[in-house]
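J.: Just so you know, this note's numbering puts the end of the sequence shown at 194, numbered straight through with nothing missing.
Encoded as structure tokens, here's the structure I'll be asking about.
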Amino acid sequence: MRPFSFISLITVSLAASSIALSTPEQQPIKPDGTVHTTDSWGWAVCGDSTDPVQIQSIQVKPDPPQPGQDLTVIVTGKASSAITEGAYADVIVKLGLVKLLTKQFDVCEEARNANASVQCPVEPGQYTVEHTVALPREIPKARFNVHVQGYTAEDEDMLCLDLKVDFMKRPFPRLW
Numbered sequence: 019m020r021p022f023s024f025i026s027l028i029t030v031s032l033a034a035s036s037i038a039l040s041t042p043e044q045q046p047i048k049p050d051g052t053v054h055t056t057d058s059w060g061w062a063v064c065g066d067s068t069d070p071v072q073i074q075s076i077q078v079k080p081d082p083p084q085p086g087q088d089l090t091v092i093v094t095g096k097a098s099s100a101i102t103e104g105a106y107a108d109v110i111v112k113l114g115l116v117k118l119l120t121k122q123f124d125v126c127e128e129a130r131n132a133n134a135s136v137q138c139p140v141e142p143g144q145y146t147v148e149h150t151v152a153l154p155r156e157i158p159k160a161r162f163n164v165h166v167q168g169y170t171a172e173d174e175d176m177l178c179l180d181l182k183v184d185f186m187k188r189p190f191p192r193l194w
């Protein structure tokens, strides 16, 4: 997935592309810090309320995500300061305690490559970004955890997200 094409979507999308990550229906972050979670996926903000990018909701279609299908991610958030060239995100994908992927992404370059609706520089404001990725059919039936830590061009914290997706869950119970 890519978080913010407006930064957050590029980061979230980066994670999805890397592992076919999924995220939830649009749900606001509650004052106590809880966020939307289902048996098949969930997300939580792990940064500070002072970070320049605040994710307010993440929605995925289909929900839950399905291997071999397109996944549309809709991220709503707010940028409290400009996000400029040089912003980047470190993404770590784990299967249990095992790291499958550790990669750094240039947020602005990813937005350009994805032809995102929001491009750098991102001015302060409210944004909703939608992006679709094709999930590989070969995604293993496993539980994945994705940690996304975004940084500004000045190497200051920009956003932090923890995502989980469980491809072991079946959307329908077995009847036989």
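C-beta atoms are modelled at their ideal positions from N, C-alpha and C, and glycine is treated no differently.
1) Check whether the stretch 157-170 and the stretch 131-139 are in contact - that is, three or more C-beta pairs closer than 8 Å.
2) Going by DSSP, which residues form a beta bridge with E148?
3) How about V183 and W59: are their beta carbons less than 7 Å apart?
4) Roughly how many angstroms separate the alpha carbons of V71 and D88, rounded to a whole number?
5) Nearest CA to the CA of A97: which residue from D81, S67, Q77?
6) For the pair the stretch 170-180 and the stretch 110-122, tell me if three or more CB-CB distances fall below 8 Å.
7) For V151 and T90, what's the separation of their Cα atoms in angstroms?
8) Select from D180, Q74, E128, H149 the residue whose C-alpha is nearest the C-alpha of P80.
T.: Let me spell this out:
1) With the cut-off at 8 Å, the stretch 157-170 and the stretch 131-139 do not touch.
2) Partner(s): I92.
3) yes
4) Approximately 26 Å, taken between the alpha carbons.
5) S67
6) Below 8 Å, too few C-beta pairs join the stretch 170-180 and the stretch 110-122 to call them touching: fewer than three.
7) 6 Å
8) H149
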